[in-house]
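A.B. asks: Encoded as C-alpha cells, here's the structure I'll be asking about.
Chains as they are written, first to last, in my numbering: chain A, 20 to 388; chain B, 20 to 388; chain C, 20 to 388; chain D, 20 to 388.
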C-alpha cells in the first residue's frame, strides 16, 4: 500500500537503495506505442547520480531493462515492467547507520512504523526509488504526445537555490535552456552563482535547499476532476510525494493570499477565437480543471539531510549520541529534482487525459477556437 | 470519478449548490460508535454561512439527516449516508450567470469539460460541497478518539488575512481560543484588525485572501506510507482539494528552502523515555511518516472570486462582455475555511490510522516511552 | 468498504431495509445524457415487492428521487445521488429476530463481524439494498445505448425453478417474451408450471430456488481486461454479490468440464466479413475478453431462507432454541432476481466500455467487418 | 489496469510467456515476516510445467528471485518484487500462430482489443502469468499463519476429470493425500483412472476438462464484506480470473437451486460453546461473511484449447483457414490448477483478514466459544 500512483495510467514502484534493484510496473499504457529501453534511458540519465560536478559522485549507471509489455518494439497494452539493478554497494559506508538514526531522515519513522528498516542507505525512502517514477513517466510522455497533446511541454527548472533566485521568463523558457546547464535553471545569470553556492556548501560539509518552478504549456482545456481529484490537488500530492519536498503552490500561491479579488481575478477575453485569460494568477487551473493557460507551480525542497558534521541524535537502543554524515551525497538535490518533478507532472497529466477520454470519448474539452 | 476520498475510511460526496441537496456516504466506519445527528451538526454549524457578521448573510440552516448506517444510536459498520437539503434558492440571482462565465470561477472550465454546467450558483464547485466533508469528518474525529488517539487535537486557525499576520504560539494555542472569535484566529491582537479588514474590503465590493495554519498535537508515531501516500502528500492533496486553495506547506515549507542542512535538521534527543526532536522543521513528518512531534502545515486561500464590481469576461456564446457580481457572498473565506481544513486533516489521519492497524494490528508505532 | 462497485462508472450503495431509506451515488456518468426519475422508476418497478401474485405481498412503492447530478433533464457529469425512502415498517414483525438468529440468513455473521446488527429485517443484507444497483443500472443502460452499443440487449430470464427447467431458445428470445409473464421465464410452456410450483411451496410455508440464465446480444468485441478483470471474472463477482446466489457459470460452464477439447473448442469462420465462431461454448468471452458472440451465463439462486415452519437455531445469548418465519416474504426470489441480474450485467459492461475507451479512444475492438 | 488484485494485500502481476520474464509486486505485506526464496519456490514447483508424466513436458525451472522488500531474511513492509525469468523459448514452435488465431484461445480477442498481440505463445493470457499469483500467495499464506489463523488449511483437490468424479470426504481430506499423487485428487480410487484418462486423451492429441473442489478449514468467523465484496463474490472473481475457468459454485451451488428452503437451510446449534450449523449448504459463508464452518467451493475448468488435430479457424488477414496445434501442452490443466486455486483463495482470505483487522482491531469475529 502506498507504492501505487494513478487511476488509469497506474504505476507501482518497488525497491530499496540496497538490495536486488529498483523498478516499476506500468499498467494501463495504451498499445501500439513505439517503446525501447533507449526511450527510458534518456530520462534516467537526467536523474542519475554522478551526472555532473555538482551532484553526488556516486556513479550509478542506472541501466533500465524492459522485462515485459512490449513486442517487436511496440507496447502490447499489458503491464510494462522495468528493472534497474542496484550496483554501487558499499555497505561499510552505512554500518554506523545500523545503530543510529540519521537526523531529518526516515530512519526513525521507518523503524517505528515497521519495527525494521534496511539501514544500508535510505532503503525505500531513498531518492533511488524515483528511478521507477522517471522510467514510467518517460512512457507517459510518449502517450501524451502520441494520443493527446503533441505540443504539450513540461518545463521544470531550478527557480532558487538557497537565497539565490533565478529570474526566469516563463514565456521564452525552453527545455534547451534548462538542460544546457548543470544546475537546470532557466536564467543564464543565475547559473554560476548557483553552482558556486552548491560547491561552497559542499565544501563546508553542509547542504542547501531550493525551489523548482514548473511551467506546462499547451495544456488541453478540461483536465482534472471537481472535488477531490482536482488537477492541482493531484499535482500537490504528486510533488509532495517526492523526497525532501516541503511545499507546493500553484499560480499566485501563497503570495496571492495578500491580494484582493479585484487584483487577483483573471479576466476572460476572446483571443484568436479562443477563451483566454488576460492574467494567469489561477496558474492554468480553475475549479480544479485546466483552462488552457500555462499550468504554473512551484515545489519547495529542503536542504539535504545528510551533512558531514556531527549532529545530536539517538541510537537504536534509545540513548543520546552523535552522528556525522559519511559517504557521497548531493549537497543540493535541486538539479536532479528537475526530472523528478517533470516525471510526476507527466504522470498526473496522462492519467487525467485518459480519464477525460473515458468520460467523453476525447480528452479535449469543448474549447472554443 | 473524483468525488471519493480515502482508502479505508472512504467518503463520497455528492450534490450541487442548487438542486435536491448535498451529502456524503461514509463507507468504512467501524461499528459500535455512538453517533447521532447532533454530533455532526456541531461542525456543520461552524461551517455554515450566516454564522457571523463577517460571513455571507445567506442563511442556510444546513440540517443534517442520517439516512443509514446507525441503529439505536450506534454505527452499524455499514455505509453512513448523510443528507442536507438545499434551501435558500434564489435562482433569479444567478440568471446572468447562465450567459456569462464568472472570472476566476469554475464556470468556463466546467462548461469546457462537460459541455454543460448548473449555472445556478457554483454547482458542484460550490463550497457547499464541503458540507459532506465536514459531516464525514465529524464521524472521523469520533473514530480517532474512540479507537486510536483520544488526546489528538487538530487545531487549524486563521494565520493571516491579506497582509495582517497573526502571531500565534503553537504551544499554547487552544481550540477555545480559536473558536472564541468569529475570525477563528489564534492571536487575540489580530482579531479586531482582521475583522476590520474583512468589513472594509466587503464595503468596497471587494474580497481578500489569507492563510490557515494548522497544528495537530499528540499524533501517534508511524502514520503515513512511504512513497506516494506519504502523510504530507495526502495532506497536500486533501487541502488543495478545498475550494480557493493555492498552496500547501509543511514544517519549514518554502522558507526552509533558503536554509542549509545544518540549520534545518531536527536533532534527535531522548526525553521522558521517548525519541523527540529538539526543533520541528520537519513539521512532524519524516520520510512521509509521522514522528510524534506536532504536525504543522499552512494552506493558502486566494481572495473570493466573486466581487461586486464590473469585470471583463466572455459570454457563453463566446463574445467579450462584462460581469458584475451579485448576490450574497463571503468577502473572505478564511473563517469558514477553518472547519474545512480541520475536516480534511481528520479524514487523512483516520485513514492512515486504519491502514496502519491493518498492517500491524495496532496504529501505534514502536514508540519508545 | 465493500459497498462500491466499478472502476470508472462507480456506484456506492447505502441503506438498510429499515431506517431512513436506501440509495446509491453514481460517480463517473458522462454528461449530457437525458435522465429523469421516470427512467429509473421503470426498472425499480420490475424489482419491487408486491408486483405480482407470486412475489411477496409487501407493498413497497420504491419511489426514486434524484438528488443531484442532473440539470434541466440532463446529466451534469457530477455524482448522481438517488434516494428511495423506506416505508412499509412493521417492526413488531421482527421482534423475535432481536433475540434469535434466522438460519441461513446473515444475522449471525453480521453480529459476529460487527458486534451489532439492525435486527429489524435484514438490514444491510436485505435484497432491498439492490434498489441502488437497479437504479444505477438504469443509468448505465442509457450510457451504453447513447455512447457505445445502441443495439446491445441484456436478456436475463428464469431458466429453472426447483426442478422445472425452461426450454429457452437464445436465438429468438425477446425482452417482451420475458416481461410478458410474471415468472419472467422465456419459455411459454414453463410459465404455468413455474407459477404453480411457487404457489405450492408458498402454500406449504416453504420456498424454492432456481437459476437465472442471461444472454447478452450485440456485444462489442474487445471488452474485458486480461488477468484479474476478465469480463467473466467481473461478471462472476457481480452476480455472486447478489443476495441468495450460490453459483455462476459462463458458456459451457460446469457441463463443459466433461468435454474434450475437440468437442469444446469454438471454430472460427469468417461470416459477413466478420470473425465469428461456429459454436459458442466460450459464452462470448475468450481470454477474459468479449469476442462479439452472445455472452451467455447462468446464476444459481438458493431457496429463500425465510420459511414458515419452526427451525432449530440459537439465540443471541447463545442457547439452542427454535424460530418460525413470520412476515411477508418471497417464496421464490427468481422473478425479482431477473432485473437484479440485468442490473449487475449492465454495470459490468458500461465500466469495461469506459475503460476500453480510455485505453484506445473508442470502445470498439478492431473487429473485422 | 486489470493486473492488480486485492485492496490491502495488493498484488500486481506482469509478464508474457515469451519475453524477459514474469513476476509480481506484492504491496501491503506486513513487516517482520521471515521470507526467503525457498518459501516461494515450494509452491512454484507445484505449479511448474514438467513436474510429472501427466503435465506438459516443457521443462521450465521457474526459479524465483526476490528483488526487494526483504532485509536479513525478514519482510520490510515495503513492496516485494519477485522475478522469474523466461527460459524455454522455442519461437519457431509458434510461427504459424503469427498468422492464424488459435480457436478458443485469446489470440483473436487480444488482437481485436489491442490491435497487437505477442503471438509467441499466449503472451499475457498464458498460464505462465499465474507464476506471479502463486509466488504472492506463498507470502499470503505466511501472513495468514503468522498474523491470523495458524490452523487455517486451504485444501483444493481435483474433484473430476472428464466424467470421472472423485469421491472425496471433506472431513478426512489432507494435504498429504492430495499431494501424494500426481493428479492431486483426494480419492485414492480415482487416481489411476484419472491418470489413464489424461494419457488417453493426450495420446489422441486431444484434451479434457475437469473440476477443482476446495475446502478451507478453520476459517475465522466474520471475514467478507456485505454487498459487493462478499467473500464468495471475491472468491468467484478470483477463480474466474484463472485461465480456462468456466464456473464457480459455493456450498450447495447449482444443485441447491432445486431444493426447498426446508431442505436447504442450515440449522444453528451450540456445540462446544460455539455457534455451529448442523449442515453446510451455505458453504461456510452467510450474507457474504464467513460463519466459521468449512468454506467449500468448486471451480470448473474447460478442456485445454490446444489440441493436435486440425481445426477450422481464420487467419490474421481474415480468411478461413485451418490450424493444428503444435508444441508441448498440458492435455489437462487440472493437476496444475490445484496450486493456482489455492493461491487465489489465499489472496482473497489474507485481504479480508487485513480489512477486518483495520475495521475492528482484530480479524476475529465475536465468535462465541
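Ideal Cβ positions, reconstructed from N, Cα and C, are used throughout, including at glycine.
When you compare each of D:328, D:338, D:314 to residue 365 (chain D) by their alpha carbons, which one comes out closest?
C.D. replies: Minimum Cα distance to residue 365 (chain D) is reached at D:314.
A.B. asks: Within the stretch 73-152 of chain C, note down every full alpha helix (DSSP H) run reaching 4 residues or more, in order along the chain.
C.D. replies: Fully enclosed alpha helix (DSSP H) runs of 4 or longer: 126-133.
A.B. asks: Identify the continuous beta strand (DSSP E) that holds residue 180 (chain B) and give its terminal residues.
C.D. replies: Where residue 180 (chain B) is concerned, the enclosing beta strand (DSSP E) stretches over 172-180.
A.B. asks: Going by DSSP, what residue range makes up the beta strand (DSSP E) through residue 350 (chain C)?
C.D. replies: No beta strand (DSSP E) contains residue 350 (chain C), which DSSP labels as neither H nor E.
A.B. asks: Give a yes or no on contact between the stretch 362-378 of chain A and the stretch 28-47 of chain A, applying the rule of three or more CB pairs nearer than 8 Å.
C.D. replies: Touching, per the Cβ criterion.
A.B. asks: Who does residue 248 (chain A) pair with in a DSSP beta bridge?
C.D. replies: Answer is none; residue 248 (chain A) lacks a bridge partner.
A.B. asks: Run through DSSP, which three-state label would residue 388 (chain C) get?
C.D. replies: With a pLDDT of only 44 at residue 388 (chain C), under the threshold of 50, the placement of this residue in the model should not be trusted; the figure read from the coordinates follows. Residue 388 (chain C): coil per DSSP, three-state reduction.
A.B. asks: With 8 Å as the limit, tell me which residues of the stretch 62-85 of chain A have their beta carbon closer than that to any beta carbon of chain D; keep them in chain order.
C.D. replies: Within the stretch 62-85 of chain A, the qualifying residues are 84, 85.
A.B. asks: Excluding the 5 residues preceding and the 5 following residue 212 (chain A) in the sequence, name in chain order all residues of the same chain whose CB lies nearer than 8 Å to its CB.
C.D. replies: Around residue 212 (chain A): 183.
A.B. asks: When the Cβ atoms of the stretch 39-52 of chain B are set against those of the stretch 60-73 of chain B, are three or more pairs found closer than 8 Å?
C.D. replies: Touching, no.
A.B. asks: Check for me: the beta strand (DSSP E) holding residue 230 (chain A) runs from which residue to which?
C.D. replies: Counting along the chain, the beta strand (DSSP E) containing residue 230 (chain A) begins and ends at 229-236.
A.B. asks: Are residue 43 (chain C) and residue 147 (chain C) close, meaning C-beta to C-beta below 8 Å?
C.D. replies: Cβ distance not < 8 Å, so residue 43 (chain C) and residue 147 (chain C) don't count as in contact.
A.B. asks: Looking at the structure shown, is residue 326 (chain C) part of a helix, part of a strand, or coil, going by DSSP?
C.D. replies: Coil at residue 326 (chain C), not helix or strand.
A.B. asks: Nearest by alpha-carbon distance to residue 240 (chain D): which of D:261, D:306, D:316 is it?
C.D. replies: Ranking the options by Cα distance to residue 240 (chain D), first place goes to D:306.
A.B. asks: Between the stretch 251-267 of chain A and the stretch 354-368 of chain A, do at least 3 Cβ pairs fall closer than 8 Å?
C.D. replies: Counting Cβ pairs under 8 Å, three or more are found: they touch.
A.B. asks: Per DSSP, what kind of secondary structure is residue 27 (chain A) in: helix, strand or coil?
C.D. replies: If DSSP states are grouped into helix, strand and coil, residue 27 (chain A) belongs with coil.
A.B. asks: Roughly how many whole angstroms lie between the Cα atoms of residue 33 (chain C) and residue 273 (chain A)?
C.D. replies: Roughly 40 Å separates the two Cα atoms.
A.B. asks: If I'm right that residue 95 (chain D) touches residue 137 (chain A) with Cβ under 8 Å, what's the distance once you round it to whole angstroms?
C.D. replies: Indeed, because the Cβ distance is near 6 Å, the residues count as touching under 8 Å.
A.B. asks: Comparing C-alpha positions only, which one of B:325, B:21, B:312, B:349 sits nearest to residue 299 (chain B)?
C.D. replies: Of the candidates B:325, B:21, B:312, B:349, the one whose C-alpha sits nearest the C-alpha of residue 299 (chain B) is B:312.
A.B. asks: Mark residue 55 (chain D) as exposed unless 16 or more other C-beta atoms lie within 10 angstroms of its C-beta, in which case mark it buried.
C.D. replies: Under this definition residue 55 (chain D) is an exposed residue.
A.B. asks: Can you tell me where the alpha helix (DSSP H) holding residue 210 (chain B) begins and where it ends?
C.D. replies: 207-222 is the extent of the alpha helix (DSSP H) around residue 210 (chain B).
A.B. asks: Going along the chain, which residues of its own chain have a beta-carbon closer than 7 Å to the beta-carbon of residue 163 (chain C), five neighbours each way excluded?
C.D. replies: 171, 365, 368, 369, 372, listed in sequence order.
A.B. asks: Apply the 10 Å Cβ neighbour rule to residue 181 (chain D) and answer buried if 16 or more other Cβ atoms are within range, or exposed otherwise.
C.D. replies: Buried: at least 16 other Cβ atoms inside 10 Å.
A.B. asks: Quick one: which chain A residues come within Cβ less than 9 Å of residue 322 (chain C)?
C.D. replies: Here the premise fails: no neighbours, minimum Cβ distance about 41 Å.
A.B. asks: Could you pull out every unbroken alpha helix (DSSP H) segment of at least 4 residues lying fully inside the stretch 259-345 of chain B, listed in chain order?
C.D. replies: List check, alpha helix (DSSP H) in window: 280-283.
A.B. asks: For a contact meaning CB atoms closer than 7 Å, what does residue 133 (chain C) contact in chain B?
C.D. replies: What residue 133 (chain C) touches in chain B: 50, 95, 96.
A.B. asks: For residue 130 (chain A), return the contacting residues in chain B, with the cut-off set at a CB-CB distance below 8 Å.
C.D. replies: In chain order: 385.
A.B. asks: With three or more C-beta pairs closer than 8 Å as the rule, is the stretch 269-288 of chain B touching the stretch 315-329 of chain A?
C.D. replies: At 8 Å Cβ cutoff, the stretches touch.
A.B. asks: Please classify residue 370 (chain B): does DSSP put it in a helix, a strand, or coil?
C.D. replies: In the structure shown, residue 370 (chain B) sits in a helix (DSSP, three-state: H, G or I).
A.B. asks: Are residue 294 (chain D) and residue 337 (chain C) touching if we call contact CB-CB under 8 Å?
C.D. replies: Yes, these two residues count as a Cβ contact at 8 Å.
A.B. asks: What would DSSP say about residue 158 (chain A), mapped onto helix, strand or coil?
C.D. replies: Looking at residue 158 (chain A) - three-state DSSP - the assignment turns out to be helix.
A.B. asks: Out of A:384, A:354, A:360, which has the shortest C-alpha to C-alpha gap to residue 69 (chain A)?
C.D. replies: Nearest of A:384, A:354, A:360 to residue 69 (chain A), Cα basis: A:354.
A.B. asks: To the nearest angstrom, how far is it from the Cα of residue 388 (chain B) to the Cα of residue 194 (chain B)?
C.D. replies: With a pLDDT of 44 at residue 388 (chain B), under the threshold of 50, the modelled position of this residue cannot be trusted, and the question is left open.
A.B. asks: Nearest to residue 84 (chain B) by CA position, among C:79, C:102, C:235, C:150, is which residue?
C.D. replies: Nearest option by C-alpha distance: C:102.
A.B. asks: Would you kindly check if the distance between the Cβ of residue 377 (chain A) and the Cβ of residue 377 (chain C) is under 8 Å?
C.D. replies: Yes; because the gap between Cβ atoms is below 8 Å, this pair is in contact.
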